[in-house]
Every structure is written in structure tokens, then in C-alpha cells.
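**Student:** Sequential numbering from 2 applies to the sequence shown in the numbering used here. All C-beta atoms, glycine included, are put in the ideal place defined by N, C-alpha and C. Since this is a predicted model, take the numbers as computed values, not measurements.
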Amino acid sequence: MECSGKISPKQEQYLRENCSRPGQLSLALRAGYEEARDQLLWSNRMLEQRQAAGEQIYQTAELLRQTAQGYADASGAELRVAKKLRRELLYLDVELDDICAFAREKDKTEYYLTVHAGKRSPLPGGTVWKDFRMPRFGKRVQVVSARSVAEALSDSCGEKMCPAPDCRAAVTDVPTIFHFVPDTNFQLFCGVARITKTGEMVSGDNYTLLQKNSGKVVMSLADGMGSGTEANRESEKVIELLEQFFEAGFPQELAVRLINSCMLLQNGSQIFSTIDLCMVDLYNAKCDMIKFGAAATFLIDDREIEVIRSDALPSGVMQQTEYESLHRTLKSGASIVMMTDGVSEALPGENHEKDMAELIIRTKTQNAQEYARKLMERVYLSQRRQARDDMTILIGTIFEKR
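In C-alpha cells:
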């Protein structure tokens, strides 16, 4: 029964010849087999969930260990930079209250400065202060831009620094923590275009664009199975988890594994979501891609195009599932085109990827948002303005800073 799921005719004949109640025995055997199979499935499910929860706890502890190590490794940089930085900030009439360094990588050190603007005083070189009147209190407050502090920090540490994406824009007379990171060599411009399936109120696709303080940009697409509210809820859950894990500092491969674990721990809705993740390092233009059952991604460099495919299962199907992980180095002007299967399967014909690649090359422009809009428009027109599935296109174009 374990091999075929039922009793074979030969076995039924044997029961009739050797048993006084073959029908009842046959039914009892089937019921016993079904019960044993269900118990085994639930037992395996419980083991998978235990493993998923254990991995989450272990990886959280590992992240805390790496964070503590990063602060310990950068303790020497604080002493070296602080003395010179105090002198540099005097020219801006800014006082350094505290400094904390964090070594994220061997050659990249971030700084957290607690600073406040001092009393207004004349500066050498005829520097003019900018005063801003606070509407509520009616008094003038001196402010200094965070970029000016970043320039002083750059002179002190010997590396070009810039305010982090989450950093405040100006220093006031209130002591505030400012976050500064090494300036990047590249910049990534992104664009997105979306169309909901005809007849549906919400799209089952969701996406995110994140710029991390480590100089990396995350582009991600999640496509819930089917369409409508349930698919939207599932893909939205994946994107929210992805954003939370990245904001906490988890690396991308670990974040994807943890998301898969979280999807296993959820209730048995049996609605899954694909994950298409692309992380671009703006320091060296390296691109890392991870695909969990996602549609093909296209890399365009000049007139050449590469198709990145995936045969992996969607997230949440099983604990030890495999995913596709690829690494590329991009050139200035290269574009990454990510899409859900509603787009990749929208064109008529049998070879969807080849037709899509030709359409992408014909549509390519330097403006990422215009690129996504035009590409979606052409795909939509090929379906006679009747979207058979939710469609989302996410495009990133990288350029070297001058």
C-alpha cells in the first residue's frame, strides 16, 4: 500500500482465499495506512518547524556576535580619528560629544558622531552662517549641514565619507547622533511599472527597493500564487519580512532562508510566494541574485543580454529547499530587468524568453522609470489591453560616479 496507495488485485484475491471477512479487513488496512501516513506527515512537519525556529534563533545570535565584533575591531579607529576631528569641527563651530566606529568590513568603517552646533562665532575665510527661524519659538538657531560634517570627517579619517541614507540633514544646537558611511563609487537608478489582473481589485505581486547603509541596494519581487487578496497578502508578508531582516543587518542568503523558515511556521494556508532578489554593491558594482521559483531576470550590457532562470520551488514549501544563487559584475550603463511570470508569459508565441529579450533590447533607455513604463506598455498592448495575470516590472540601471 505504501508503494501504490491501494491493495493490488492479486492481494485482494489472496485475502478472499484466506480471510473470512476480506472486505472489512481491506477497509481496516486502508484506514490504518491513512492514519499512519498522516501521523508521519505531521511528525515531519513538526521537525521542519523545530529546525526552522532553531535556525532563526541561532542566526540572530550570530548577527549579534558579528555586530559586537565590528565595534571591537573599530575601537582603534575612534581614538585615531577623534582628536583630529575635534579640530576640524572647530572651523564649523560644531562640538563633538562622542564618537563610535563600526567596522562592517575590513576596508569599510562607519562612524556614529554625537555632535551639536556651538555658539555663533566669526570664522576664518569669511564663512557665513545660515540662520533659520523656528516658527514655534520665534528665535534664530544656527545649523550646519551634515555634508559639511562629512567633509571634516573625510579629512580626519583619510577616506571619503557621506551621510547615511537614514542620517539627519543638519546639525543644530541639540546634541544628535549622525551616521556616516564611506561614499560609494556607483549609483543605481530604479523604475517600476505594475498592472493588476483584469477583474481583480488588488495585485498579487509586491516589490521593494531598499538602500542599505552598507552601500548596497536591494531590489526584490514577490509573486503570490494565483491573484487577488490572498495572493497579495502572501507576497506582502514576504516583502515585509525581507525588509525587516535587511534592516536588522542579515545578509541576503540568510534573510531568504529565514523567510522560508517563517513561511513554514505560518498556518496551513497552502498559498506560497516566489522570491526574486537582487542586491547590487555600489562600491564595486557586484550583483548577487537569489531566486525562489521566480520568473527569469534579464541582464543588459550594451546590446548583449543574459537570461537568468530558476527551477527552485517557491518559499515555504519545504525547509531544505534549494534556491538559485548567481553572482555577476556589472558595467556602467548596465540594466537589470526583473519581472513576474505574468509579464514573462504575456507575449504571444512559444519562446517567451527569446521574444521578451528582443523586446527589452528594442525598448532600452537610460531612464529606468521610462524604461519600465515603455516595456510594460508594449507587453500590455500585446495582450490587447486585457491582463491575464498580475504584471510587475522592476528595472535598475547602474552608473559610475564622475
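Give the straight-line distance between the Cα atoms of Leu41 and Glu13, rounded to the nearest whole angstrom.
**Tutor:** Taking the straight line joining both Cα atoms gives about 26 Å.
**Student:** Helix, strand or coil for Val218? Go by DSSP, reduced to three states.
**Tutor:** If DSSP states are grouped into helix, strand and coil, Val218 belongs with the strands.
**Student:** Are the Cβ atoms of Met339 and Leu395 separated by less than 7 Å?
**Tutor:** Going by C-beta atoms, Met339 is nearer than 7 Å to Leu395.
**Student:** Take Ser345 as the anchor and find which of Tyr112, Arg389, Val145, Ser21 has the nearest alpha-carbon.
**Tutor:** Nearest option by C-alpha distance: Arg389.
**Student:** Which value, in whole angstroms, describes the spacing of the CA atoms of Trp130 and Asp184?
**Tutor:** Only weak support is given to the placement of Trp130: the predicted model assigns it a pLDDT of 45, under 50, and the value that follows is read from those uncertain coordinates. Taking the straight line joining both Cα atoms gives about 26 Å.
**Student:** Pick from Arg195, Asp167, Pro166: whose alpha carbon is nearest that of Tyr381?
**Tutor:** Per the Cα distances, Arg195.
**Student:** Just the Cα atoms here: how many angstroms apart are Cys279 and Cys191?
**Tutor:** Distance between the alpha carbons of Cys279 and Cys191: 12 Å.
**Student:** Count the other CB atoms, across all protein chains shown, that sit within 10 Å of the CB of Met202; report buried if there are 16 or more and exposed otherwise.
**Tutor:** Exposed, by the Cβ-count rule.
**Student:** Taking a contact to mean a Cβ-Cβ separation below 7 Å, would you say Asp282 touches Lys217 in this structure?
**Tutor:** For Asp282 and Lys217, yes; Cβs fall inside 7 Å.
**Student:** Are the stretch 77-96 and the stretch 147-163 touching, with three or more C-beta to C-beta distances below 8 Å?
**Tutor:** A contact exists between the stretch 77-96 and the stretch 147-163.
**Student:** Phe103: which of Ile8, Gly159, Ser215 sits nearest, CA to CA?
**Tutor:** Checking every option, the nearest Cα to that of Phe103 belongs to Ser215.
**Student:** With burial defined as no fewer than 16 other Cβ atoms inside 10 Å of the residue's Cβ, what is the status of Arg38: buried or exposed?
**Tutor:** By the 10 Å Cβ count, Arg38 comes out exposed.
**Student:** What are the start and end residues of the alpha helix (DSSP H) that includes Leu243?
**Tutor:** It spans 230-249 - the alpha helix (DSSP H) in which Leu243 sits, taken as one unbroken run.
**Student:** Buried or exposed: which applies to Ala297, given that a residue is buried once 16 or more other Cβ atoms fall within 10 Å of its Cβ?
**Tutor:** Result: buried.
**Student:** Could I get the ranges of all uninterrupted alpha helix (DSSP H) runs contained in the stretch 310-385, with 4 residues as the minimum, in chain order?
**Tutor:** Counting whole runs of 4 or more residues, the stretch 310-385 contains the alpha helix (DSSP H) stretches 342-345, 353-364, 369-383.
**Student:** Quick one: what's got a C-beta closer than 7 Å to Ala256's C-beta in the same chain, skipping five residues either side?
**Tutor:** Counting only Cβ-Cβ distances below 7 Å, and skipping sequence neighbours, we find Leu243, Phe246, Phe247.
**Student:** Using DSSP's beta-bridge definition, name the partner residues of Glu201.
**Tutor:** In the DSSP output, where bridge partners are listed per residue, Glu201 has none listed.
**Student:** Between the stretch 346-365 and the stretch 301-314, do three or more beta carbon pairs fall short of 8 Å?
**Tutor:** Yes, the stretch 346-365 touches the stretch 301-314.
**Student:** Nearest to Phe179 by alpha carbon, out of Ser157, Met2, Leu189, Cys168?
**Tutor:** The residue with the shortest Cα to Cα distance from Phe179 is Cys168.
**Student:** To the nearest angstrom, how far is the alpha carbon of Gly200 from that of Val182?
**Tutor:** For Gly200 and Val182, the distance between alpha carbons rounds to 47 Å.
**Student:** So the alpha helix (DSSP H) Asp156 belongs to, where does it begin and stop?
**Tutor:** 147-158 is the extent of the alpha helix (DSSP H) around Asp156.
**Student:** Given this structure, state the Cα-to-Cα distance separating Gln320 from Gly55, to the nearest angstrom.
**Tutor:** Reliability of the predicted coordinates at Gln320 is poor, the pLDDT of 47 falling under 50, and the value obtained from them is presented with this limitation in mind. If you take the alpha carbons of Gln320 and Gly55, they lie about 12 Å apart.
**Student:** I'd like the list of long-range same chain contacts for Ile399, defined as Cβ closer than 7 Å, with 5 residues on each side in sequence excluded.
**Tutor:** Within the same chain, Ile399 has close Cβ partners Phe187, Leu189, Val281, Ala286, Leu331, Ser333, Ala335.
**Student:** Which residue comes first and which comes last in the alpha helix (DSSP H) that contains Ala165?
**Tutor:** That residue, Ala165, is in no alpha helix (DSSP H); it is neither H nor E in DSSP.
**Student:** What does the alpha-carbon distance come out to for the pair Met226 and Pro164?
**Tutor:** So the alpha carbons of these two residues sit roughly 40 Å apart.
**Student:** So His117 packs on Thr173, CB below 8 Å; how close in whole Å?
**Tutor:** The pair is a contact, with the Cβ atoms about 7 Å apart (cut-off 8 Å).
**Student:** Suppose the cutoff is 7 Å on Cβ atoms and the five residues either side in sequence are ignored; what does the same chain contact list for Ala75 look like?
**Tutor:** Here the set comprises Ala102, Phe103, Ala104, Thr110.
**Student:** Nearest-angstrom Cα distance between Asp312 and Ile276?
**Tutor:** Their backbone Cα atoms lie some 12 Å apart in a straight line.
**Student:** Helix, strand or coil for Gly24, going by three-state DSSP, please let me know.
**Tutor:** Here Gly24 sits in helix by DSSP.
**Student:** With the cut-off set at 7 Å, would you say Glu89 and Ser155 are in Cβ contact?
**Tutor:** Not closer than 7 Å, so no.
**Student:** Roughly how many angstroms separate the alpha carbons of Thr393 and Ile240, rounded to a whole number?
**Tutor:** Distance between the alpha carbons of Thr393 and Ile240: 14 Å.
**Student:** Nearest to Gly159 by alpha carbon, out of Gly119, Asp206, Glu231, Lys85?
**Tutor:** Closest by alpha carbon: Lys85.
**Student:** Among Cys288, Gly294, Asp99, which has the Cα closest to the Cα of Leu327?
**Tutor:** Nearest of Cys288, Gly294, Asp99 to Leu327, Cα basis: Cys288.
**Student:** In the structure shown, what three-state DSSP assignment does Asn186 receive?
**Tutor:** Here Asn186 sits in coil by DSSP.
**Student:** When the Cα of Leu91 is compared with those of Ile100, Ala170, Gln50, Ala153, which residue comes out closest?
**Tutor:** Minimum Cα distance to Leu91 is reached at Ala153.
**Student:** Compare the Cα-Cα distances from Ser5 to each of Arg31, Gln25, Cys20 and report the closest residue.
**Tutor:** Comparing Cα positions, the closest option is Arg31.
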